[in-house]
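Data block below; observations after.
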């Protein structure tokens, strides 16, 4: 019996933890929305748009990214964009998504903040009901815009805490260090938003250190860092793990027991656990299951 890796992966339950919703705009929908809203694009066909995706730098990508934004004008447009993405995620058995969105890229064009958020939120709610997909929404500040613009956008987010989970930082990085936004990040933390940020995509490694030190980033989950595999400034690969985090909830550990000792293990029995993340501590536990 042959093993189909693609089918196996598609069937696995998944979580999408980093996606920019405006960046999910497919060429076909871009052309459709341009026609709907009478927007002139610098492309004459779907094929030309696809060809433009062969970019060589972050800025090349952002040029295409913002061109795509221009076709998004109404609440319906933002709903259609978001629900099309969520439908694809449902087809791939994705159960949870954490989505970035860039309201300044729209309010700068005269589109209302609520128009953007209402369209996206409606699609997230429909996907929750229709597909069982849970979600969190992260609002990003555009780093090439001013601190004043970030604070204005932040004031809108404070009205919508029930729908916006966190705040982030993205767009053109060169010449726009994280410290530019340290005050608005401090305000966001005080309001209870979870802060995250892009750093080091095209800027120096010092931007990564600055983001960690100045913006005080937090993981989207609560927990304790069990192990750090890299230090700030080191080069990492796409699939490298930076931190191992344990959540402060009842922890289930599977352990192998020698055959001659299995008879001595009883349900409810107390055990002591040692771990390299807690070298000086012994963790108390009990046997919950024997298989």
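In this note's numbering, the protein residues as written are 158 to 448.
Every residue, glycine too, gets a C-beta built ideally from N, C-alpha and C.
Item                                                                                            : Value
Those residues which DSSP pairs with residue 253 across a bridge                                : 172 and 291
Bounding residues of the alpha helix (DSSP H) (the contiguous stretch that carries residue 206) : 203–209
Where residue 212 falls, given that 16 or more other Cβ within 10 Å makes a residue buried      : exposed
Start and end residues, alpha helix (DSSP H) containing residue 343                             : 339–347
Given residue 334 as reference, the closest of 310, 320, 362 and 443 once Cα atoms are compared : 362
Among 179, 383 and 371, the one whose alpha carbon lies nearest that of residue 220             : 179
CA-to-CA distance, residue 328 to residue 216, given in whole angstroms                         : 9 Å
Reference residue 345; option with closest CA among 175, 355 and 322                            : 322
Local conformation of residue 275 per DSSP, three classes                                       : helix
Beta bridge counterpart(s) of residue 296 as assigned by DSSP                                   : 258 and 324
For residue 439, three-class secondary structure by DSSP                                        : strand
Residue 410 beta carbon less than 8 Å from that of residue 381                                  : no
Own chain, CB closer than 6 Å to residue 342, minus 5 neighbours either side, in chain order    : 352 and 372
Residue 292 vs residue 254 beta-carbon contact at 8 Å                                           : yes
Cβ neighbour criterion (16 or more within 10 Å) applied to residue 172                          : exposed
Distance between beta carbons of residue 338 and residue 400, contact taken as under 8 Å        : Going by Cβ atoms, the distance from residue 400 to residue 338 rounds to 23 Å, so no, they are not a contact pair.
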